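Residue numbers (the working numbering): 6 to 317.
A virtual CB, placed ideally from N, CA and C, is assigned to each residue, including glycine.
Values in this document were obtained by computation on a predicted structure and should not be read as measured data.
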Ligand code: SF4
Ligand code: ZN
């Protein structure tokens, strides 16, 4: 049942959090939200003094909120921030969020680098999908974005690459990897990715790893952070979309389900990583190396990007 007063102070509640069986006023919600992100950053040792952080900013709520919080953290921990926005070339969608990203960075005084698929790969995502079929949208987009973010983070001399994945995204990724039987990917998935690629992959940090999507949206509204709520027109093709609906249904019936999936994953992740390292050492799975076509880091002979773009 929705409670109308703050569990902490008895003032009128601004938000109800069924997963925590709590209602909070705006001031207590904001405090809890910021403390949780800080705790996540500390617990997983995501940042250290002197880090140069490249922040992936799409203009959506997650990345904008993350940028604000990292900016706040940078006032007490000496780190340097640069934003990177990927322009995939999705007409009517990315151009709008790109404007939001530019505005946010300007407000916070953070330099922004815009990287376009068109410039990087010779075509926009729209054009590529016209040739190859829309069903492949997220496979192409995801692999190309990961490549571009890593390449430009390296170019900027970044020591970390911050990604705005919230705990809903994490729960979805965990379930998707299980449903696709991809234990290797699951073992590599982490709040702070390990740096075992000789500097070829910039370690990725996910400060919102323990923060539910709905809380991110509420925080953005309460703090007056401008965000673009539009959804990508290709999202309907994504397997993730089905998993999201499934998990939201479960959450509705059993509040806390999504965070329990995240916590269950974390409690097993060390074991999975040890297992994966052991398999690599004993030659049962591939070692990291350079792609024979483009030279970027991969555990295959030809990396996923070159395979998708058929450039081997
Ligand atoms: Fe790219 Fe798919 Fe996300 Fe759209 S929904 S931006 S195509 S990954
Ligand atoms: Zn309160």
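Partner residues in the beta bridge of residue 165, as assigned by DSSP, are 58. By the neighbour-count criterion, in which 16 or more other beta carbons inside 10 Å mark a residue as buried, residue 99 falls on the buried side. Per DSSP, residue 285 is one residue of the alpha helix (DSSP H) stretching across 262-286. Exposure of residue 254 is indicated by the presence of fewer than 16 other C-beta atoms within 10 angstroms of its C-beta. Where residue 255 is concerned, there is no enclosing beta strand (DSSP E), although the alpha helix (DSSP H) around it starts and stops at 244-258.
When DSSP reads this structure, residue 177 sits in no beta bridge, so it has no partner.
Residue environment analysis places residue 209 among the buried positions, since at least 16 neighbouring C-beta atoms fall within 10 angstroms of its C-beta. Relative to the Cα of residue 134, the nearest Cα in the group 251, 282, 93 and 74 belongs to 93.
Residue 212 sits close to residue 42, with the two beta carbons spaced by under 8 Å. Taking all protein chains in view, the Cβ of residue 204 is surrounded by fewer than 16 other Cβ atoms within 10 Å, so the residue is classified as exposed. In the structure shown, residue 20 falls within a strand segment according to DSSP collapsed to helix, strand and coil. Residue burial is scored here from C-beta neighbours: residue 165 has at least 16 other C-beta atoms within 10 angstroms and is therefore classed as buried. Here the C-alpha atom of residue 45 lies approximately 23 Å from the C-alpha atom of residue 229. Residue 207 is not a Cβ neighbour of residue 171, given a cutoff of 8 Å. Only residues of its own chain outside the window of five on either side were considered, and among them 19 and 227 have a CB closer than 7 Å to the CB of residue 31, listed in chain order.
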